[in-house]
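Undergrad: Please see the structure below; I have some questions.
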Ligand SMILES: [Zn+2]
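In mature numbering (1 follows the signal peptide of the UniProt record, and there is no 0), the protein residues as written are -23 to -1, 1 to 270.
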């Protein structure tokens, strides 16, 4: 091994050792040590289940970071206000919370990060949905919360949970994420392959705005994507809007954030009206909801 390479390995090993341990106990993000709905992950990646715990609370209540870390997302995911904090190899997610922190902020355990909003689809009353992720895997937050004291499980009744919240970038339209980015069996072809974007449920004809300013690089029919608009943004990323019923921009046109590029439809390989939204980094599809994507 060359001297330079050995130095690099030593440096990386030291960095890995210095990163915070994942299993630091969490402090409770709301005042009470109560869980309204426990962790009950689905059998399949995209099945129904409950990916986190619901903690009952009051609208406007202060929400606090469960552990020291850095804010890596603060914004809306499928219309729901979400904060993601990265703690070494794991992440905590908080919904629905109006943030008082920004992406990049360092936070300490117990530091206020936002205020609890009134409604979350997975709770009958106001609650905080607290998630714990390692990579793409959802873990039980109670394993870390429980170690800081006993908690009470209350009234587990509630309506079905949200689609998966993966933390990350802005989506162009409000609506449920009906199919996430990742490997899946294609609903039309039956073939197992990468689902290279996220599907957002929306009524036919819903206006589709660009998520950021850029230049239109494609506007037309593109095989299984149907009618598709692709926009190139500063920094080399592209976004794509597929299965459109109609497009309202031409290749070469400049668009701003919010410029309507088309209307939701079901053209191409599609089973019903929805938006297939993609984010491409150097031409490669990445998870539009993934942090840093
Ligand atoms: Zn899709």
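Each residue gets a CB set at the ideal place from its N, CA and C atoms; glycine is no exception.
Across the stretch 143 to 163 and the stretch 190 to 200, are there enough close Cβ pairs to call them in contact, namely three or more that are closer than 8 Å?
TA: Verdict: no, contact absent.
Undergrad: Can you tell me whether residue 160 is buried or exposed? The criterion is at least 16 other CB atoms within 10 Å of its CB, across all chains shown.
TA: The residue labelled residue 160 in the question sits at position 183 within the chain shown. Residue 160 comes out exposed.
Undergrad: Under 8 Å: do the stretch 165 to 178 and the stretch 77 to 85 share three or more Cβ pairs, one atom per stretch?
TA: No, the stretch 165 to 178 does not touch the stretch 77 to 85.
Undergrad: Quick one: measure Cβ to Cβ for residue 87 and residue 4, integer angstroms, because I've assumed they're closer than 8 Å.
TA: For this step, residue 87 is matched to residue 110 along the chain shown. For this step, residue 4 is matched to residue 27 along the chain shown. Correct: roughly 5 Å between the Cβ atoms.
Undergrad: Between the C-alpha atoms of residue 56 and residue 102, what's the straight-line distance to the nearest angstrom?
TA: Start at 1 with the first residue of the chain shown, and residue 56 comes out as number 79. Start at 1 with the first residue of the chain shown, and residue 102 comes out as number 125. Residue 56 and residue 102: Cα-Cα distance of roughly 18 Å.
Undergrad: Under 8 Å by Cβ, that's how I've got residue 110 and residue 116 pegged, so tell me the actual separation to the nearest angstrom.
TA: Along the chain shown, one-based indexing puts residue 110 at 133. Along the chain shown, one-based indexing puts residue 116 at 139. Sure, about 7 Å apart at Cβ, within 8 Å.
Undergrad: Apart from the five residues on each side of it in sequence, which residues of its chain come closer than 8 Å, Cβ to Cβ, to residue 213?
TA: Residue mapping note: residue 213 aligns to position 236 of the chain shown, counting from 1. Closer than 8 Å at Cβ, skipping near neighbours: 258, 259.
Undergrad: Should residue 174 be counted as a contact of ligand 1 given a C-beta to heavy atom distance under 7 Å?
TA: Within the chain shown, residue 174 is the residue found at index 197, counting from 1. Flag set: Cβ of residue 174 near ligand 1.
Undergrad: Quick one: what's residue 3 bridged to in DSSP?
TA: As a working note, residue 3 is residue 26 in the chain shown. Residue 3 pairs with nothing; no bridge assigned.
Undergrad: What are the start and end residues of the beta strand (DSSP E) that includes residue 252?
TA: Counting from 1 along the chain shown, the entry for residue 252 is found at position 275. Residue 252 -> beta strand (DSSP E) spans 251 to 258.
Undergrad: Between which two residues does the beta strand (DSSP E) containing residue 32 stretch?
TA: Counted from its first residue, the chain shown places residue 32 at position 55. Here the beta strand (DSSP E) through residue 32 covers 30 to 33.
Undergrad: Since I believe residue 251 is in contact with residue 189 (beta carbons under 8 Å), could you give me their beta-carbon distance rounded to a whole number of angstroms?
TA: Position 212 of the chain shown, counted from the start, is the residue given in the question as residue 189. Position 274 of the chain shown, counted from the start, is the residue given in the question as residue 251. Their Cβ separation, rounded to whole angstroms, is 21 Å, which puts residue 189 and residue 251 out of contact at 8 Å.
Undergrad: Apart from the five residues on each side of it in sequence, which residues of its chain come closer than 8 Å, Cβ to Cβ, to residue 59?
TA: Translated into the one-based positions of the chain shown, residue 59 becomes position 82. Excluding positions up to five away in sequence, the list reads 50, 51, 52, 53, 70, 71, 72, 73, 74, 142, 144.
Undergrad: Suppose only complete runs of 3+ residues qualify. What are the beta strand (DSSP E) ranges in the stretch 201 to 243, listed by chain order?
TA: Counting whole runs of 3 or more residues, the stretch 201 to 243 contains the beta strand (DSSP E) stretches 204 to 209, 214 to 224, 237 to 241.
Undergrad: Give the DSSP-derived three-state secondary structure of residue 110 in the structure shown.
TA: On the chain shown, position 133 is the one that residue 110 refers to. Note: residue 110 maps to strand in three-state DSSP.
Undergrad: Give the straight-line distance between the Cα atoms of residue 233 and residue 205, rounded to the nearest whole angstrom.
TA: For the purposes of this step, residue 233 is taken as residue 256 along the chain shown, with counting starting at 1. For the purposes of this step, residue 205 is taken as residue 228 along the chain shown, with counting starting at 1. Answer to the nearest angstrom: the Cα atoms are 18 Å apart.
Undergrad: Based on Cα-Cα distance, which residue from 225, 191, 199 lies nearest to residue 209?
TA: On the chain shown, residue 209 is found 232 positions in, with the first residue counted as 1. For residue 209, the nearest C-alpha among the options comes from 191.
Undergrad: Measuring straight from C-alpha to C-alpha, what distance separates residue 261 and residue 217?
TA: As a position in the chain shown, residue 261 is number 284, starting the count at 1. As a position in the chain shown, residue 217 is number 240, starting the count at 1. So the two alpha carbons sit approximately 12 Å from each other.
Undergrad: So, for residue -3: in the same chain, excluding its five sequence neighbours on each side, which residues have a beta-carbon less than 8 Å away from its beta-carbon?
TA: Taking the chain shown and counting its residues from 1, one reaches residue -3 at position 21. Residue confidence is low: residue -3 scores 45 on pLDDT, short of 50, so the model does not pin down where it sits. No coordinate-derived value is stated.
Undergrad: Does the beta carbon of residue 342 fall short of 7 Å from some heavy atom of ligand 1?
TA: Because the chain here runs from -23 to 270, residue 342 falls outside it and cannot be looked at.
Undergrad: Check whether the Cβ atoms of residue 41 and residue 83 lie closer than 8 Å to each other.
TA: Numbered from its first residue, the chain shown carries residue 41 at position 64. Numbered from its first residue, the chain shown carries residue 83 at position 106. No, these two residues do not count as a Cβ contact at 8 Å.
Undergrad: In the DSSP assignment, what are the bridge partners of residue 171?
TA: Within the chain shown, numbered from 1, the residue matching residue 171 stands at position 194. Answer by DSSP bridge pairing, in chain order: 160.
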